[in-house]
Each structure stands twice: as C-alpha cells, then as structure tokens.
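Remarks on the structure that follows.
In the numbering used here, the protein residues as written are 44 to 340.
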C-alpha cells in the first residue's frame with residue numbers, strides 16, 4: 044500500500060502477552076521504534092520517535108501521523124531535538140502543517156512528549172494534535188505541547204509569521220478539551236511577550252498518571268501566589284526560577300486530571316522545569332523509556 048508523502052502510522056498492541064509495535068512512514072517523515080525495555084507490572088512500554096529528514100519541517104510540508112495505543116500498552120511518542128520549521132521560499136504561498144491523531148484504548152496510556160517547536164523567521168506553521176480516550180475512566184494521557192521564540196542565536200525572536208496550534212482531547216462521542224494558540228506577526232505579539240521565550244501546555248489525564256497530576260497540584264498549592272488570568276476560575280499562577288505556571292482542574296464526563304500552562308524566560312529553564320516535574324512518570328513508563336525522554340533534551 045502506497046503511503047502518501049509525509050504520512051505515518053504507529054500501532055501498539057499486546058497480543059498473546061507480547062508487545063506488538065508496528066510503524067510506517069514516508070518521506071519527509073521518518074518514524075523509528077527502538078526497544079523500550081521489559082514489560083512492567085501493569086503495562087508494556089513502547090517508544091517511537093517522530094523525525095524528519097534534514098532536521099526540520101520544510102515550508103509547505105504536510106505531516107500526518109495516525110497512532111493507536113492498545114490495552115495494556117504505554118506508548119511514548121518523542122522527537123529528537125526541537126521541531127524546526129524552516130522559512131518559506133520567496134513567493135511561496137503554501138503553509139506548513141503537522142497533524143497527529145491518536146486513539147487510546149481502555150486501560151492504555153499515551154505520553155506525547157515532543158521537544159519544542161522552533162519556527163524560523165517568516166515561518167507559517169499549523170499544528171493539530173487530537174487524542175481520543177476510548178474509556179473516560181481507564182484511558183490515560185500526558186500531552187506536552189510547547190514552543191520557543193525562535194532562533195535566538197541568529198537574532199530571531201518571535202520573528203515568524205504565523206504559529207497556530209490546536210490540541211483536542213475527546214471521547215468517541217464528545218469533545219472534552221479544545222485548546223488553541225494563534226500567534227500572527229500582524230498582531231505585533233512580540234512586544235507583548237517580553238520577557239518570555241518559551242511556552243508550554245501539559246495535559247495530564249486519567250488513572251495511570253493520577254500521581255503525576257497530584258504532584259503538580261501539591262507543589263502548586265504550596266507555592267500559589269496570584270491569579271494567572273484575571274477572568275479564570277479554579278486557575279492560579281505560581282512563579283519559580285522565572286517560570287510562571289498555572290494549574291487548572293479537569294473533570295469532564297469521567298475524565299479527571301489537570302491542565303498545566305507554563306511560560307519561561309528561556310528554553311533551557313523551561314526544559315529543566317518540565318523534566319523535573321514529569322520525573323514521577325519514570326516508574327509508570329519504565330527506566331529505559333524515561334532515559335530516552337530525559338536524554339532527548
């Protein structure tokens with residue numbers, strides 16, 4: 044079967060007590076699946092890297108990944124280095140698109156933990172990540188979506204033309220969460236974002252990662268200072284080491300967890316902040332997979 048350019052798939056399942064992980068991809072997308080270590084008590088860990096030839100997404104590329112996480116599986120999707128979005132060629136009207144669609148079956152866990160998106164000067168990037176939790180009470184999710192201000196080493200800071208990211212979490216019947224971020228150069232957003240150089244959004248949902256969510260709650264409760272958004276309810280901000288962050292409770296149609304938003308003065312500071320707070324994932328996904336994630340920074 045011919046795979047369209049930029050398309051890929053990841054299928055993770057347990058059959059006869061053994062992990063079965065299959066991946067496919069077509070240029071310019073490349074998906075690799077290294078060994079993820081032995082099975083854990085409650086689940087079989089698996090890992091796949093979503094990569095691109097040439098080290099980034101070329102202007103006009105359309106990347107589309109479909110994935111399925113079967114029961115008793117813990118699939119961790121990673122990238123290798125930041126997702127670089129290159130600038131357009133002169134006269135090019137096409138934009139860049141990346142879509143990731145994942146089905147998480149009952150008693151399964153997805154951890155979508157990419158490195159940040161870095162848009163070059165003039166880049167026009169559109170991203171959509173949609174996760175369907177097939178069991179509100181037993182499917183689990185950790186979704187990280189984050190971005191940097193650009194190639195600061197080249198003097199490019201919030202110098203892209205467009206960044207549009209949409210994250211959707213749903214059941215088979217209903218959308219539970221839809222979170223969108225749109226930054227466009229004509230809105231003169233760069234001045235308003237001083238002195239922020241990186242943003243992150245983290246969804247932590249479901250029973251398998253309840254302890255991870257509780258870690259954020261407890262630390263935030265201990266350090267809470269003031270409202271993060273003036274009109275928000277049940278959402279407060281904390282500032283630590285220059286990182287401003289908020290926690291929002293999620294309780295919709297049986298899906299329980301938190302949404303965490305963070306803004307940092309540098310990519311490195313936010314990287315370390317995220318890694319320290321996700322460390323409670325280690326016993327859930329296994330030492331081997333955790334090391335792959337931690338070393339991808």
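Virtual Cβ for every residue (Gly too), placed ideally from N, Cα, C.
- [ ] Could you tell me which residues DSSP pairs with residue 140 in its beta bridges?
- [x] 105 and 169
Task: For residue 151, the three-state DSSP class (helix, strand or coil) - done: coil
Open item on the list: Please state the DSSP three-state secondary structure of residue 273.
Closed with: In this predicted model, residue 273 has a pLDDT of only 40, less than 50, meaning its place in the structure is not dependable enough to derive any value.
- [ ] Can you tell me which of 148, 210 and 164 puts its alpha carbon nearest to the alpha carbon of residue 251?
- [x] 148
Open item on the list: Please state the DSSP three-state secondary structure of residue 199.
Closed with: It is coil, neither helix nor strand.
TODO: Would you tell me roughly how many angstroms separate the C-alpha atoms of residue 62 and residue 332, rounded to the nearest one?
DONE: 15 angstroms
Open item on the list: Only counting the same chain, and skipping five residues up and downstream in sequence, which positions put a Cβ closer than 6 angstroms to that of residue 75?
Closed with: 92
- [ ] Apply the 10 Å Cβ neighbour rule to residue 307 and answer buried if 16 or more other Cβ atoms are within range, or exposed otherwise.
- [x] buried
Open item on the list: Taking the beta strand (DSSP E) that residue 88 belongs to, which residues open and close that run?
Closed with: Looking at the DSSP string, the run of the beta strand (DSSP E) that includes residue 88 is 87 to 95.
Task: DSSP three-state assignment for residue 258, whether helix, strand or coil - done: helix
Task: Short Cβ contact (8 angstroms threshold) for residue 293 with residue 301 - done: yes
Open item on the list: Taking 8 angstroms as the threshold (C-beta atoms), are residue 245 and residue 187 in contact?
Closed with: yes
Open item on the list: To the nearest angstrom, how far is the alpha carbon of residue 314 from that of residue 261?
Closed with: 20 angstroms
TODO: In angstroms with no decimal places, state the Cα-to-Cα distance between residue 121 and residue 336.
DONE: 7 angstroms
Task: residue 58 versus residue 114 - alpha carbon distance - done: 10 angstroms
Open item on the list: Taking its Cβ as the centre, do 16 or more other Cβ atoms sit within 10 Å of residue 155, making it buried, or is it exposed?
Closed with: buried
Open item on the list: Do residue 160 and residue 126 count as a contact pair if the criterion is CB distance below 8 angstroms?
Closed with: yes
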